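In our numbering, the protein residues as written are 253 to 423.
Backbone N, C-alpha and C define an ideal beta-carbon position, used for all residues, glycine too.
Keep in mind that this is a model prediction, so the values were computed, not measured.
Report on the structure given below.
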């Protein structure tokens with residue numbers, strides 16, 4: 253369970269009580285006090301913390317590069333790729349894509365139609381070359397105070413990702 257503390261289920265509050273019970277067990281095993289009564293705000297706080305962390309990714313990459321430069325150390329290719337991913341601010345790209353798709357009823361309908369047609373005609377492929385079927389779901393907006401919204405938004409966006417180059421969500 254400890255490895256899943258930051259992984260909140262995407263089905264909103266339906267499993268909240270079960271998750272709270274598991275958290276109590278884990279906190280008690282660590283010797284930490286945790287009372288579930290009226291403590292369901294904890295998940296909203298986790299979501300807000302996740303959003304705050306995501307916002308500082310680009311600065312973290314810059315700080316790391318500066319630290320390495322000050323020490324006279326080189327950054328290997330793997331670390332540089334990771335830093336470039338942090339620099340790219342993926343959450344901003346997700347949100348921009350989602351706002352574009354949801355900007356009108358017409359766009360939402362066209363997006364869904366593209367998914368359905370694309371699945372039927374085999375338009376979507378993974379980078380490995382494997383055929384991919386996209387669930388006909390709509391993209392979700394992030395809501396800072398809904399405890400699972402960041403997780404759910406990213407999960408759904410990644411499910412739709414193979415369509416992005418085709419539908420040009422980032423335009």
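- The beta carbon of residue 374 sits closer than 8 Å to the beta carbons of 383 from its chain, once the five residues preceding and following it are set aside; these are given in chain order.
- By DSSP's assignment, residue 377 forms a beta bridge with 383.
- Straight through space, the alpha carbons of residue 340 and residue 355 are spaced by roughly 23 Å.
- DSSP places residue 335 inside the alpha helix (DSSP H), whose first and last residues are 329-339.
- Contact between residue 327 and residue 335 holds: CB atoms are separated by about 7 Å, below the 8 Å threshold.
- The residue among 310, 406, 379, 302 with its C-alpha nearest the C-alpha of residue 348 is 406.
- Annotation for residue 308: no residue places its beta carbon closer than 6 Å to its own, counting only its chain and skipping 5 residues before and after.
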